[in-house]
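*Asks:*
In the numbering used here, the protein residues as written are 479 to 851.
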């Protein structure tokens, strides 16, 4: 009965109104569906923004960590430089006092050193007093340049490593090579400062090239003077601890003579460097009868032999060496042989007969100024 009445009432409603109501209901349903879709889209956007914010927060944290590490590294650098400059100032003061005492003595003061003045053409020859003055000024004014010489894989001649050398610039732009200044620097106690500047320059280049997979490496020579200078070496270790990520790309070279005559200080210094992950190379080897097992235990991964010495030994002109056995012993302790001072194609041809893996010398490239330092 009620249903019949409702039907009767609906039948009395004009069709236009019924159609309008249906259109309105359809519009409301469509709007609700559209709003639902819009809400789901907004929820997806919010989730994406949250994910992006999480990523950016991680990036910010990473940048802050890297900035803190870089800051700590700079602090370590400044501490090392401060130590060196303190030693440098003391050395200059002692030199000045000695000069003053000489001037106070009887008779006119005699000197063979003339002031170094800038000239259009760089000077070539300097006396010892001038060289010392140039080295001191270069350390103070940061005129110590990094030169790189390639170490190539053989027989491809593809650069695999680079040895780092320092060249000191005088105020007139001329270059002083290590052969000229090392002896004087050793006498004046400046070798640690030069070693340190070499390391700073190498680290600068490695930072800019951002290595990470060990594609190439730098060899830096460290003297026994630096290893046994306790004050300097403690700062040196602190600096390197801030750059442990470079351990796969930075190798330290030590002369065989320094290692042989090294004392407990030398051994402790090597142990500290090895603990940080850095690897070593035995440089200036003059005796092929090497304790490879002992060297490997101390962190040595490379042995450098002079090309002439090696060829003379292999050809029985000096001593004797079974190259097959020698390379087998090297392989057993995971060490590589680098033959240096290869100057001619004839030398290279003779060496390749013995299966040499790495070579260095003017035949493959002379030391060149690093554009990145």
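Even glycine gets a Cβ: it sits at the ideal position worked out from N, Cα and C.
Can you tell me the Cα-Cα spacing of residue 700 and residue 530, whole angstroms?
*Replies:* To locate residue 700, count along the chain shown from 1; it is residue 222. To locate residue 530, count along the chain shown from 1; it is residue 52. Approximately 47 Å between the Cα atoms of the pair.
*Asks:* Between which two residues does the beta strand (DSSP E) containing residue 781 stretch?
*Replies:* Counting from 1 along the chain shown, the entry for residue 781 is found at position 303. Per DSSP, residue 781 belongs to the beta strand (DSSP E) from 778–784.
*Asks:* Give the C-beta separation of residue 848 and residue 624 to the nearest angstrom, bearing in mind that I take them to be a contact with Cβ-Cβ under 8 Å.
*Replies:* One-based indexing of the chain shown puts residue 848 at position 370. One-based indexing of the chain shown puts residue 624 at position 146. Right, the Cβ-Cβ distance comes to about 5 Å (below 8 Å), so this counts as a contact.
*Asks:* Just verifying my parser: in three-state terms, what is the DSSP assignment at residue 759?
*Replies:* Here residue 759 is taken as the residue at index 281 of the chain shown, counted from 1. Correct three-state label for residue 759: strand.
*Asks:* From what residue to what residue does the beta strand (DSSP E) around residue 770 run?
*Replies:* Walking along the chain shown from the start, residue 770 turns up at place 292. Taken as a continuous stretch (DSSP letters only), residue 770 belongs to no beta strand (DSSP E), being part of the alpha helix (DSSP H) at 770–775.
*Asks:* In whole angstroms, what is the alpha-carbon distance linking residue 619 and residue 816?
*Replies:* Residue numbering aside, residue 619 sits at position 141 when the chain shown is read from its first letter. Residue numbering aside, residue 816 sits at position 338 when the chain shown is read from its first letter. Roughly 35 Å separates the two Cα atoms.
*Asks:* Rounded C-beta distance between residue 857 and residue 621? I'm assuming under 8 Å.
*Replies:* The chain is shown only over 479 to 851; residue 857 falls outside these bounds and no answer can be derived.
*Asks:* Using the C-alpha atoms, what's the distance from residue 532 back to residue 685?
*Replies:* Your numbering for residue 685 matches position 207 in the chain shown. Your numbering for residue 532 matches position 54 in the chain shown. In a straight line, the C-alpha of residue 685 is about 28 Å away from that of residue 532.
*Asks:* Look up residue 733 in the DSSP assignment and say whether it is helix, strand or coil.
*Replies:* Here the question's residue 733 lines up with position 255 in the chain shown. Looking at residue 733 - three-state DSSP - the assignment turns out to be strand.
*Asks:* At the 9 Å Cβ level, is residue 761 part of the contact set with chain D, yes or no?
*Replies:* Absent from the structure: chain D. Only one protein chain is present.
*Asks:* Under 9 Å, do residue 818 and residue 783 count as touching if we go by C-beta distance?
*Replies:* Along the chain shown, one-based indexing puts residue 818 at 340. Along the chain shown, one-based indexing puts residue 783 at 305. Yes, these two residues count as a Cβ contact at 9 Å.
*Asks:* Mind checking which residues open and close the beta strand (DSSP E) that includes residue 603?
*Replies:* Against the chain shown, residue 603 aligns to sequence position 125. First-last for residue 603: undefined, no H or E at that position.
*Asks:* Roughly how many angstroms lie between the CA atoms of residue 799 and residue 792, to the nearest whole one?
*Replies:* Locating residue 799 in the chain shown gives position 321, where the first residue counts as 1. Locating residue 792 in the chain shown gives position 314, where the first residue counts as 1. Going from the Cα of residue 799 to the Cα of residue 792 covers about 6 Å.
*Asks:* Under the three-state reduction of DSSP, which class applies to residue 766: helix, strand or coil?
*Replies:* To locate residue 766, count along the chain shown from 1; it is residue 288. Note: residue 766 maps to coil in three-state DSSP.
*Asks:* Rounded to the nearest angstrom, what separates residue 734 and residue 761 at their Cα positions?
*Replies:* The residue given as residue 734 occupies position 256 in the chain shown. The residue given as residue 761 occupies position 283 in the chain shown. Looking at the two C-alpha atoms, the distance is approximately 6 Å.
*Asks:* What are the boundary residues of the alpha helix (DSSP H) that residue 679 is part of?
*Replies:* The count along the chain shown starts at 1 and reaches residue 679 at position 201. Residues 669–687.
*Asks:* Residues in its own chain within less than 8 Å of residue 821 by CB, not counting five upstream and five downstream?
*Replies:* Within the chain shown, numbered from 1, the residue matching residue 821 stands at position 343. Cβ within range, chain order: 785, 839, 840 and 841.
*Asks:* Looking at residue 611: is its Cβ nearer than 9 Å to the Cβ of residue 670?
*Replies:* Counting from one through the chain shown, the residue named residue 611 turns up at place 133. Counting from one through the chain shown, the residue named residue 670 turns up at place 192. No, Cβ-Cβ distance for residue 611 and residue 670 is not below 9 Å.
*Asks:* Would you identify the three-state DSSP class for residue 848, choosing helix, strand or coil?
*Replies:* Position 370 of the chain shown, counted from the start, is the residue given in the question as residue 848. Coil at residue 848, not helix or strand.
*Asks:* Please return the same chain residues whose Cβ sits closer than 6 Å to the Cβ of residue 744, not counting the five positions on each side in sequence.
*Replies:* Here the question's residue 744 lines up with position 266 in the chain shown. Closer than 6 Å at Cβ, skipping near neighbours: 705.
*Asks:* Taking the C-alpha atoms as reference points, what is the distance between residue 505 and residue 528?
*Replies:* Residue mapping note: residue 505 aligns to position 27 of the chain shown, counting from 1. Residue mapping note: residue 528 aligns to position 50 of the chain shown, counting from 1. Straight-line Cα distance between these residues: approximately 34 Å.
*Asks:* State the DSSP-derived secondary structure class of residue 646, mapped to helix, strand or coil.
*Replies:* Your numbering for residue 646 matches position 168 in the chain shown. Residue state, collapsed to three classes: strand.
*Asks:* Are residue 725 and residue 679 touching if we call contact CB-CB under 9 Å?
*Replies:* Residue mapping note: residue 725 aligns to position 247 of the chain shown, counting from 1. Residue mapping note: residue 679 aligns to position 201 of the chain shown, counting from 1. Cβ atoms of residue 725 and residue 679: not closer than 9 Å.
*Asks:* For residue 637, which three-state DSSP category applies?
*Replies:* Along the chain shown, read from residue 1 onward, the residue named residue 637 stands at position 159. Here residue 637 sits in strand by DSSP.
*Asks:* Do residue 776 and residue 754 have their C-beta atoms closer together than 9 Å?
*Replies:* Sequence index remark: in the chain shown, residue 776 carries index 298 (1-based). Sequence index remark: in the chain shown, residue 754 carries index 276 (1-based). Against a cut-off of 9 Å, the Cβ pair of residue 754 and residue 776 comes out as no contact.
*Asks:* Under 9 Å, do residue 774 and residue 811 count as touching if we go by C-beta distance?
*Replies:* Against the chain shown, residue 774 aligns to sequence position 296. Against the chain shown, residue 811 aligns to sequence position 333. Taking 9 Å as the Cβ cut-off, residue 774 and residue 811 qualify as a contacting pair.
*Asks:* Give me the DSSP bridge partner(s) of residue 699.
*Replies:* Position 221 of the chain shown holds residue 699. Answer is 731.
*Asks:* Does DSSP put residue 694 in a helix, in a strand, or in coil?
*Replies:* Sequence index remark: in the chain shown, residue 694 carries index 216 (1-based). DSSP places residue 694 in coil when its eight states are reduced to three.
*Asks:* Can you list, in chain order, the residues of its chain whose CB lies under 7 Å from that of residue 643, leaving out five sequence neighbours each side?
*Replies:* Locating residue 643 in the chain shown gives position 165, where the first residue counts as 1. Closer than 7 Å at the Cβ level, and outside the excluded window around residue 643, lie 625, 627, 656 and 845.
*Asks:* Do you know how far the Cα of residue 521 is from the Cα of residue 694?
*Replies:* Here the question's residue 694 lines up with position 216 in the chain shown. Here the question's residue 521 lines up with position 43 in the chain shown. Computed Cα separation, rounded: 49 Å.
*Asks:* In three-state terms, what does DSSP make of residue 840?
*Replies:* Walking along the chain shown from the start, residue 840 turns up at place 362. Three-state DSSP puts residue 840 in coil, outside helix and strand.
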